[in-house]
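Q:
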């Protein structure tokens, strides 16, 4: 019998890893969760449909049949966020029935994980083009709806009881970092609101948004064109007097944390060669990513080890990063990250257009908002080569994705 040829000699096994690029991203305006919010009578899946259709509208050079996958995340996958929402939203958006889709859940990092999941497929060669995003309608589905936590989590001391309440985990981060005072978190929160307001007035936020028609049984039809949560004119003095709902005399308030929100995001990812073939724009190139686990009761510190892991794998240092988009679930978790890496609270490289404390955090959707904004920053800052998007994740995790600016000239200057 003739011995089989070695795998190394088989040309079919010589599969090169391909460059993955972020083409473009959009999102709906974010609304306040609840009966009076923008999307109180709007379905979650319809928000996703609007995002997918807008991506295709903005890029007529992308034939819908060339989309190889649709990955959509939701934290609470029931009701209008269930039924394998990646597939159902794809069909509702009018993509060909040949385009598959799936749903994904990593709590707040759902959309981020949707991106990294399909990016792996693109890099391997399983896909050429994919749509990834996330949705959360916290008005229809409050966080934890329908969940039945195993009693052993607490009975067997697998986690601290406070791990199941996100606001309490933020108070725990305050305990771990005594230098992160309420005064500092309030100052950071006010800065986020101010930066968002400045960016909005400059027309920078609107470029990311797709208008959404809304319905109200009392008021009829409307059109959502702007984020609902921002509070223009917020000051540290106004924030100082807010109540601390998670602990008596605590430090976490509705003013220095993201609210409960509704919204959806989506983006197009592609192999670099395919993007050039079709004439798709390249907003940024994926360098690497990492997820890491921490104690669930201090989930807010998750971005620190995730970033350290991602940087190490990419052969980079924190000093190489010129722009940061950090999800602001709580001000204290952002400050913990900045303090760990020796970055000032008001560093201009961090969330230049404000963050979730201002515009909102519809859980599983937020990762793509960070990426979309980073790609916009890259376009304005050709002097910056690398940027990252990072976020803490419920139940004790963090996720970080590192990106490269295609406008940067590696020879030492801007293109």
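Residue numbers (the working numbering): 882 to 1296. C-beta: ideal position from N, C-alpha, C; glycine also.
Return the bridge partner residues of residue 1285 from the DSSP annotation.
A: According to DSSP, residue 1285 bridges with 1166 and 1267.
Q: Round the Cβ separation of residue 1138 and residue 1048 to the nearest angstrom and send it over; I've been treating them as touching at under 8 Å.
A: Going by Cβ atoms, the distance from residue 1138 to residue 1048 rounds to 7 Å, so yes, they are a contact pair.
Q: Thinking just about the alpha-carbon of each residue, which of 1010, 950 and 975 is nearest to the one in residue 981?
A: The option with the nearest alpha carbon to residue 981 is 950.
Q: Give the range of the alpha helix (DSSP H) segment to which residue 908 is assigned.
A: Where residue 908 is concerned, there is no enclosing alpha helix (DSSP H), although the beta strand (DSSP E) it sits in stretches over 901 to 908.
Q: Rounded to whole angstroms, what is the Cα-Cα separation between residue 1060 and residue 1229?
A: The straight-line gap from Cα to Cα measures roughly 21 Å.
Q: Between which two residues does the beta strand (DSSP E) carrying residue 1096 extend?
A: Where residue 1096 is concerned, the enclosing beta strand (DSSP E) stretches over 1093 to 1097.
Q: What are the boundary residues of the alpha helix (DSSP H) that includes residue 927?
A: It spans 925 to 939 - the alpha helix (DSSP H) in which residue 927 sits, taken as one unbroken run.
Q: Is residue 1007 near the ligand MN, with its Cβ less than 7 Å from a heavy atom?
A: Summarising the ligand content, the structure contains no ligands, and the ligand MN is consequently not present.
Q: Out of curiosity, what's the CA-to-CA distance linking residue 1086 and residue 1110?
A: Computed Cα separation, rounded: 14 Å.
Q: Using 8 Å for Cβ pairs, my map puts residue 929 next to residue 1027. What's the rounded Cβ distance?
A: So it is not a contact: roughly 20 Å between Cβ atoms.
Q: Given this structure, state the Cα-to-Cα distance separating residue 886 from residue 972, to the nearest angstrom.
A: Legend: pLDDT at residue 886 = 46, less than 50; position of this residue unreliable, value from coordinates given subsequently. Cα to Cα, the separation comes out at about 44 Å.
Q: Considering only the alpha carbon of each residue, which of 1202, 1227, 998 and 1156 lies closest to residue 1248?
A: Of the listed residues, the one whose Cα sits closest to residue 1248 is 998.
Q: Can you tell me where the alpha helix (DSSP H) holding residue 1064 begins and where it ends?
A: Run containing residue 1064: 1063 to 1082, per the alpha helix (DSSP H) assignment.
Q: Taking the CB atoms as reference points, tell me whether residue 1254 and residue 1284 lie closer together than 8 Å.
A: No. Outside cutoff.
Q: For the 8 Å Cβ check, are there 3 or more pairs between the region 1160 to 1179 and the region 1033 to 1048?
A: Result yes; three or more Cβ-Cβ pairs closer than 8 Å.
Q: Give me, in chain order, the residues of the same chain whose beta-carbon lies closer than 8 Å to that of residue 896; leave out the 5 immediate sequence neighbours on both sides.
A: Taken in chain order, the residues that qualify are 1005 and 1006.
Q: Quick check: the Cα distance between residue 1147 and residue 1267, rounded to an integer number of angstroms?
A: Looking at the two C-alpha atoms, the distance is approximately 22 Å.
Q: Could you tell me whether the region 1027 to 1037 touches the region 1184 to 1194, using the rule of 3 or more Cβ pairs below 8 Å?
A: The region 1027 to 1037 is not in contact with the region 1184 to 1194.
Q: Would you decide whether residue 1076 is buried or exposed? Buried here means 16 or more other CB atoms lie within 10 Å of its CB.
A: Result: buried.
Q: Using DSSP with H/G/I as helix, E/B as strand and the rest coil, what is residue 1193?
A: Helix at residue 1193.
Q: In the DSSP assignment, what residue or residues form a beta bridge with residue 1272?
A: Note: residue 1272 sits in a beta bridge opposite 1280.
Q: Between residue 1142 and residue 903, which are expected to be in contact by the criterion C-beta below 8 Å, what is the C-beta distance as a whole number of angstroms?
A: Contact doesn't hold; Cβ gap of about 23 Å is too wide.
Q: Going by alpha carbons, who is nearest to residue 1008 out of 1237, 996 and 1224?
A: That would be 996, whose Cα lies nearest to the Cα of residue 1008.
Q: Hey, quick one: how far does the alpha helix (DSSP H) through residue 999 stretch, first residue to last?
A: 991 to 1005 is the span of the alpha helix (DSSP H), which, as asked, contains residue 999.
Q: Does residue 1225 come out as helix, strand or coil in the three-state DSSP assignment?
A: Note: residue 1225 maps to coil in three-state DSSP.
Q: DSSP three-state call for residue 1218: helix, strand or coil?
A: If DSSP states are grouped into helix, strand and coil, residue 1218 belongs with the helices.
Q: Since residue 1002 and residue 1172 should fall inside the 8 Å C-beta cutoff, what is the C-beta to C-beta distance between them, to a whole number of angstroms?
A: With a Cβ gap of about 17 Å, residue 1002 and residue 1172 do not count as contacting.
Q: Where does residue 1053 sit, in a helix, a strand or coil, going by DSSP?
A: It is helical.
Q: Going by Cα to Cα distance, which pick from 1165, 1216 and 1196 is closest to residue 1149?
A: Answer by Cα proximity: 1165.
Q: Name the residue from 1162, 945, 1125 and 1225 whose alpha carbon lies nearest to the alpha carbon of residue 1287.
A: Residue 1162 is the option with its Cα nearest to residue 1287.
Q: Does DSSP put residue 969 in a helix, in a strand, or in coil?
A: Three-state DSSP puts residue 969 in a helix.
Q: Taking 6 Å as the limit between beta carbons, can you name the residues of its chain near residue 908, skipping five residues before and five after?
A: Once the five neighbours on either side are set aside, the close Cβ partners of residue 908 are 1089, 1146 and 1250.
Q: First and last residue of the alpha helix (DSSP H) that includes residue 1258?
A: That run of the alpha helix (DSSP H) goes 1247 to 1261.
Q: DSSP three-state call for residue 1101: helix, strand or coil?
A: Here residue 1101 sits in strand by DSSP.
Q: Give the DSSP-derived three-state secondary structure of residue 1155 in the structure shown.
A: Residue state, collapsed to three classes: helix.
Q: Taking only runs that begin and end inside the region 1007 to 1050, name each unbroken beta strand (DSSP E) of 3 or more residues, in chain order.
A: Entirely contained in the region 1007 to 1050, the beta strand (DSSP E) runs reaching 3 residues are, in chain order, 1010 to 1018.
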